[in-house]
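Take 5 as the starting number for the sequence shown in the numbering used here and just add one per residue. Think of the CB as a built atom: it goes at the ideal place given N, C-alpha and C, for glycine as much as any other residue. It should be emphasised that the depicted structure is a prediction, and the values quoted were computed from it without experimental measurement. Report on the structure given below.
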Amino acid sequence: MVYCSKCGTVLEDNSDFCYKCGSPVKKENQSGGVFKTSLKQNFSYGNLNIENIEKDYLIDERYLVEKKIGQGGFGAVYKVDDKNLGQKKALKVLPNVIINDRESMDFL
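Right, here's the structure in full:
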């Protein structure tokens with residue numbers, strides 16, 4: 005049985021994140037940090053320009069954009085407020101051309 009180290013919720017053995025608080029689940033044999041790449045596909049944001057997301061734009065009904073931190077070949081990074089956890093985070097937004105390119109995704 006696996007428990008969330010942040011909130012104590014009982015989780016499935018193969019869980020990567022706590023379904024209640026969103027914290028990454030650290031496995032006993034896992035080494036290194038707790039940062040992971042998590043991809044969500046099939047969003048329909050319309051004509052959202054990922055290079056210029058405006059302040060106070062709400063992404064995925066969870067992340068409130070504060071400001072753009074930087075941009076590179078694989079997308080743009082924004083400082084966001086995670087409304088579910090009440091934490092400041094960095095969120096990388098990838099363009100569709102990268103998401104749909106299997107070779108690029110393997111590189112990430």
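Exercise. Determine the direct distance from the alpha carbon of L68 to that of K87, and round the result to whole angstroms.
Key: CA-to-CA, the gap between K87 and L68 works out to about 7 Å.
Quiz item: Alpha carbon to alpha carbon, what distance is there between A80 and C11?
Solution: Answer to the nearest angstrom: the Cα atoms are 31 Å apart.
Quiz item: Would the C-beta of N53 count as close to the ligand GDP, meaning under 7 Å from any of its heavy atoms?
Solution: Within the structure as shown, the ligand GDP is missing, as the structure has no ligands at all.
Quiz item: Whose C-beta lies closer than 6 Å to the C-beta of C25 among residues of the same chain, with five residues either side of it excluded?
Solution: If you ignore the 5 residues before and after C25, its C-beta comes within less than 6 Å of the C-beta of K10, C11, all in its own chain and listed in chain order.
Quiz item: Are the beta-carbon atoms belonging to L98 and Y82 less than 8 Å from one another?
Solution: For L98 and Y82, no; Cβs fall outside 8 Å.
Practice problem: Alpha carbon to alpha carbon, how far is K71 from I54? Give it in angstroms, no decimals. | Solution: Within the model, the alpha-carbon separation for I54 versus K71 is close to 12 Å.
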